[in-house]
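Chains A and B, in that order, give the protein sequences. Per the UniProt record's numbering, the very first residue in the first sequence carries number 1; after that it's consecutive. Per the UniProt record's numbering, the very first residue in the second sequence carries number 1; after that it's consecutive. Ideal Cβ positions, reconstructed from N, Cα and C, are used throughout, including at glycine. Scroll down for the structure; my scribbles are underneath it.
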Amino acid sequence: MAHHSHPYHMVDPSPWPLTGAIAALLMTSGLAVWFHFHSTSLMLLGTILLTLTVIQWWRDIVREGTFQGHHTPPVQKGLRYGMILFITSEVLFFLGFFWAFYHSSLAPTPELGGNWPPAGITPLDPFEVPLLNTAVLLASGVTVTWAHHAIMEGKRKQAIHALALTILLGAYFTFLQAMEYNEAPFTIADGVYGCTFFVATGFHGLHVLIGSTFLAICLARQISHHFTSEHHFGFEAAAWYWHFVDVVWLFLYISIYWWGS
Amino acid sequence: MAGRLLLRACTTTLRLRSNAVARPLHRAMATEGIPTDEEQATGLERRVLMAFKEGKDPYSILKPKYYPGTKEDPQLVPCIGGKRLVGCLCEEDNTAIVWFWVHEGGSHRCPSCGTYYKAVPHEVPH
């Protein structure tokens, strides 16, 4: 262990940034190859490489923080800034899709019949499954906060139960949304309505999957005694991300499902 | 949030230690199965935690204390190895920083504003 008089973490050399960059290159060029030459091999290879990269990179971070004690308060502060900035960038990402939706829906063109929803589109009833989905995600926001308080109060069993319940609710949302996608009377190819609907809700669904995975990792770590009652930033980051996913859904529900129907 | 609480708890502990006031822990030890930092922190994080408990800050995490900078009460400059570079902002909002070395033994004055600086040995963390 090097001796230094500062509280920061000088990380050891790592191959994962390089493999991550290669994975990103293979995935994007693989996407282009898929579009033009009908082969998914390159994209698949990129995805596998990405999966291996993130597993090993984040495994290394857990080792550095929990097992080696490199995450001093200033280091943790930096990680907090990082997560907040990342979530902010994701907010801006979704802002673009909301912009697209409002651009097309506030002034529907003659091709759509001058209406929104466009002529020929039967939108989903916002007071059926979409409302249930809203309740499910809001409930999961409550359970993840419950889990956080349980951790801070040193209550292991409650923390595990609350976290598991959060993940279950997330899975229920995903299941319900998958059913909706399957039974929807319109597709992504159905004009600008279908496009804005499925791209916005689709990216949201991807973020639900990512958030659920993050929470599942936290559950495994909590069971393995990684978190202390004072220091559990991995969990806090997952909870922040989950709340962000919930808020995006609320905007989707209000804008696209409700106002847009 | 917990990190900020920890930092605040550290500064509170330091302040209280210097006032020699007994104060109960914020939280009892692992009551129902989740360890505390006291029990489980390791490595540099643990060294920081233990040092804070003794009222010390070997890794310079907290903001430096500001002294009047007079001859009787010079600005103390913790240093390792006998000397340290000091950058003096003579007045607030100055854009030109006045740089000079400060050596152990004797006071040094900023060549621009005359503030007194004194190098003091900083405990080297192991």
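Have a look at the options and flag the residue whose alpha-carbon is nearest the alpha-carbon of residue i.
{"i": "residue 153 (chain A)", "options": "A:34, A:126, A:58, A:230", "result": "A:230"}
{"i": "residue 219 (chain A)", "options": "A:161, A:199, A:37", "result": "A:161"}
{"i": "residue 81 (chain B)", "options": "B:33, B:39, B:55, B:105", "result": "B:105"}
{"i": "residue 108 (chain B)", "options": "B:32, B:40, B:93, B:83", "result": "B:83"}
{"i": "residue 85 (chain A)", "options": "A:241, A:221, A:164", "result": "A:241"}
{"i": "residue 85 (chain B)", "options": "B:117, B:123, B:37, B:39", "result": "B:117"}
{"i": "residue 103 (chain B)", "options": "B:43, B:79, B:87", "result": "B:79"}
{"i": "residue 111 (chain A)", "options": "A:96, A:29, A:190", "result": "A:190"}
{"i": "residue 100 (chain A)", "options": "A:194, A:184, A:165", "result": "A:194"}
{"i": "residue 224 (chain A)", "options": "A:66, A:29, A:19", "result": "A:66"}
{"i": "residue 187 (chain A)", "options": "A:53, A:63, A:29, A:121", "result": "A:121"}
{"i": "residue 133 (chain B)", "options": "A:55, A:4, A:29, A:238", "result": "An answer regarding residue 133 (chain B) cannot be provided, because it is not within the stretch 1 to 126 covered by chain B."}
{"i": "residue 179 (chain A)", "options": "A:145, A:128, A:19", "result": "A:128"}
{"i": "residue 259 (chain A)", "options": "A:98, A:159, A:81", "result": "A:98"}
{"i": "residue 101 (chain B)", "options": "B:94, B:123, B:122, B:77", "result": "B:77"}
{"i": "residue 42 (chain B)", "options": "A:43, A:102, A:64, A:23", "result": "A:64"}
{"i": "residue 62 (chain A)", "options": "A:233, A:250, A:78, A:255", "result": "A:233"}
{"i": "residue 106 (chain A)", "options": "A:192, A:17, A:12, A:41", "result": "A:192"}
{"i": "residue 68 (chain A)", "options": "A:12, A:145, A:167, A:261", "result": "A:12"}
{"i": "residue 120 (chain B)", "options": "B:95, B:94, B:64, B:88", "result": "B:64"}
{"i": "residue 122 (chain B)", "options": "B:33, B:88, B:56", "result": "B:56"}
State the start and end residues of the unbroken beta strand (DSSP E) segment that holds residue i.
{"i": "residue 121 (chain B)", "result": "116-121"}
{"i": "residue 101 (chain B)", "result": "98-103"}
{"i": "residue 79 (chain B)", "result": "75-79"}
{"i": "residue 88 (chain B)", "result": "83-88"}
{"i": "residue 135 (chain B)", "result": "In the structure as shown, chain B starts at 1 and stops at 126, and residue 135 (chain B) therefore has no counterpart that could be examined."}
If you drop the 5 nearest sequence neighbours on each side, which residues of the same chain put their C-beta closer than 8 Å to that of residue i?
{"i": "residue 172 (chain A)", "result": "136"}
{"i": "residue 90 (chain B)", "result": "98, 110, 112, 113, 115"}
{"i": "residue 125 (chain B)", "result": "47, 51, 58, 59"}
{"i": "residue 252 (chain A)", "result": "200, 201, 204"}
{"i": "residue 262 (chain A)", "result": "Given a span of 1 to 261 for chain A in the structure shown, any question on residue 262 (chain A) remains unanswerable."}
{"i": "residue 174 (chain A)", "result": "205, 208, 209, 212"}
{"i": "residue 169 (chain A)", "result": "136, 137, 139, 140, 143"}
{"i": "residue 14 (chain A)", "result": "57, 60"}
{"i": "residue 149 (chain A)", "result": "none"}
{"i": "residue 79 (chain A)", "result": "71, 233, 237"}
{"i": "residue 35 (chain B)", "result": "none"}
Tell me which same chain residues have a C-beta within less than 7 Å of the C-beta of residue i, skipping the five on either side of it?
{"i": "residue 177 (chain A)", "result": "133, 205"}
{"i": "residue 157 (chain A)", "result": "none"}
{"i": "residue 108 (chain A)", "result": "114, 115, 116, 118"}
{"i": "residue 227 (chain A)", "result": "151, 221, 235"}
{"i": "residue 130 (chain A)", "result": "124, 253, 257"}
{"i": "residue 163 (chain A)", "result": "147, 215, 218, 219, 222"}
{"i": "residue 92 (chain B)", "result": "none"}
{"i": "residue 165 (chain A)", "result": "143"}
{"i": "residue 87 (chain A)", "result": "240, 241, 244"}
{"i": "residue 184 (chain A)", "result": "124"}
{"i": "residue 159 (chain A)", "result": "147, 150, 151, 222"}
{"i": "residue 76 (chain A)", "result": "233"}
{"i": "residue 17 (chain A)", "result": "none"}
{"i": "residue 49 (chain B)", "result": "37, 41"}
Using a Cβ-Cβ cut-off of 6 Å (strictly less than) and excluding sequence neighbours within five positions of residue i, which residues of its own chain qualify?
{"i": "residue 45 (chain A)", "result": "26"}
{"i": "residue 20 (chain A)", "result": "53"}
Hey, quick one: how far does the alpha helix (DSSP H) through residue i stretch, first residue to last?
{"i": "residue 255 (chain A)", "result": "First-last for residue 255 (chain A): undefined, no H or E at that position."}
{"i": "residue 170 (chain A)", "result": "156-183"}
{"i": "residue 133 (chain A)", "result": "129-152"}
{"i": "residue 262 (chain A)", "result": "Past the edges of chain A, shown from 1 to 261, lies residue 262 (chain A), and the structure says nothing about it."}
{"i": "residue 43 (chain B)", "result": "43-53"}
{"i": "residue 39 (chain B)", "result": "37-40"}
Please list, in chain order, the chain C residues whose beta carbon lies closer than 7 Å to that of residue i.
{"i": "residue 161 (chain A)", "result": "The structure shown contains no chain C; the protein chains it does contain are A and B."}
Using only the heavy atoms of the ligand FMN, determine whether one of them is closer than 6 Å to the beta carbon of residue i.
{"i": "residue 249 (chain A)", "result": "Among the components modelled here there is no ligand, and therefore nothing to report on the ligand FMN."}
4 or more residues per run - each alpha helix (DSSP H) lying fully within the stretch 51-111 of chain A: 73-106
Quick test of the definition: if touching needs 3 or more C-beta pairs under 8 Å, does the stretch 69-78 of chain A touch the stretch 6-15 of chain A? yes
Three CB pairs or more closer than 8 Å across the stretch 69-86 of chain B and the stretch 193-205 of chain A: no
Should the stretch 87-101 of chain A be called in touch with the stretch 46-62 of chain A, which here means at least 3 C-beta pairs below 8 Å? no
Could you tell me whether the stretch 210-228 of chain A touches the stretch 238-247 of chain A, using the rule of 3 or more Cβ pairs below 8 Å? yes
Whole alpha helix (DSSP H) runs in the stretch 204-256 of chain A with 4 or more residues, listed along the chain? 233-252
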